[in-house]
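Chemist: Please read through the structure below; I'll follow up with questions.
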Amino acid sequence: MGLFRLAAANPQVEPVLLLAEALGLTGIRAETVATVARAYHPHTATGPATDQAAADRAVAELVTCCGGRADERTAARICLLVQSADATAALRAAVREHGSVEAALRLAPPVRHTRRISPDGTELLLELGGDLAFGAGAHACPGRTHALALVAGQLGEDSP
Numbered sequence: 003m004g005l006f007r008l009a010a011a012n013p014q015v016e017p018v019l020l021l022a023e024a025l026g027l028t029g030i031r032a033e034t035v036a037t038v039a040r041a042y043h044p045h046t047a048t049g050p051a052t053d054q055a056a057a058d059r060a061v062a063e064l065v066t067c068c069g070g071r072a073d074e075r076t077a078a079r080i081c082l083l084v085q086s087a088d089a090t091a092a093l094r095a096a097v098r099e100h101g102s103v104e105a106a107l108r109l110a111p112p113v114r115h116t117r118r119i120s121p122d123g124t125e126l127l128l129e130l131g132g133d134l135a136f137g138a139g140a141h142a143c144p145g146r147t148h149a150l151a152l153v154a155g156q157l158g159e160d161s162p
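Anchor point for the sequence shown: position 142 equals 144 in this note's numbering, and the numbering is continuous, going up by one each time.
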């Protein structure tokens, strides 16, 4: 089943759990992904702080759900879940509030800033939104199509 159809059939399920299902993963818990996300992205955390031991336990749980091997494939799957969880849920909420994907990306982008390091080592904070909501060029979000399919499916919109 495609991601759009999976989302359309499960409009109340957390988007990260639908993505996990589409990846063929079972036993994934949204809170486990959130625990890892708070440790991996501490500057964007919206929940309680995560201590390192809790983060390590959460990663171990996700590794188990990914087949039990701590290899590159598992790392890529976990990163996909961690990086998409909050952003896709925020996009869904913004579309509900603003009425369309375009309005949501313009008025309430799910990821408002990104960080880059300049050649001289200075940290830069770049604002995202509108046409840059999913980044651009070499830094474009590879999950754009998946996020839009999840949100459109869950909100009963046309497939992107």
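In this text, a Cβ means the ideal position worked out from N, Cα and C, and glycines have one as well. In this text, all values refer to a predicted model and were calculated from it rather than measured experimentally.
With the cut-off set at 8 Å, would you say N12 and L20 are in Cβ contact?
Modeler: By 1-based counting over the sequence shown, the position of residue 12 is 10. By 1-based counting over the sequence shown, the position of residue 20 is 18. Going by C-beta atoms, N12 is nearer than 8 Å to L20.
Chemist: Among the candidates G158, H43, Q14, whose CA atom is the shortest distance from the CA of G101?
Modeler: Here residue 101 refers to the residue found at position 99 when the sequence shown is read from its first residue. When only C-alpha atoms are compared, the closest one is G158.
Chemist: When you compare only the Cα positions, how much space is there between V153 and R94?
Modeler: Position 151 of the sequence shown holds residue 153. Position 92 of the sequence shown holds residue 94. Cα-Cα distance, rounded: 5 Å.
Chemist: Inspect the beta-carbon positions of L130 and G137 and report whether they are closer than 8 Å.
Modeler: Your numbering for residue 130 matches position 128 in the sequence shown. Your numbering for residue 137 matches position 135 in the sequence shown. Closer than 8 Å, so yes.
Chemist: In the DSSP assignment, what residue or residues form a beta bridge with L127?
Modeler: Numbered from 1 along the sequence shown, position 125 holds the residue referred to as residue 127. Answer is R117, bridged to L127.
Chemist: Nearest to V113 by CA position, among S120, Q85, R59, D122, is which residue?
Modeler: Mapped onto the sequence shown, residue 113 falls at position 111. The option with the nearest alpha carbon to V113 is Q85.
Chemist: Helix, strand or coil for G132, going by three-state DSSP, please let me know.
Modeler: Taking the first residue of the sequence shown as 1, we reach residue 132 at position 130. DSSP places G132 in helix when its eight states are reduced to three.
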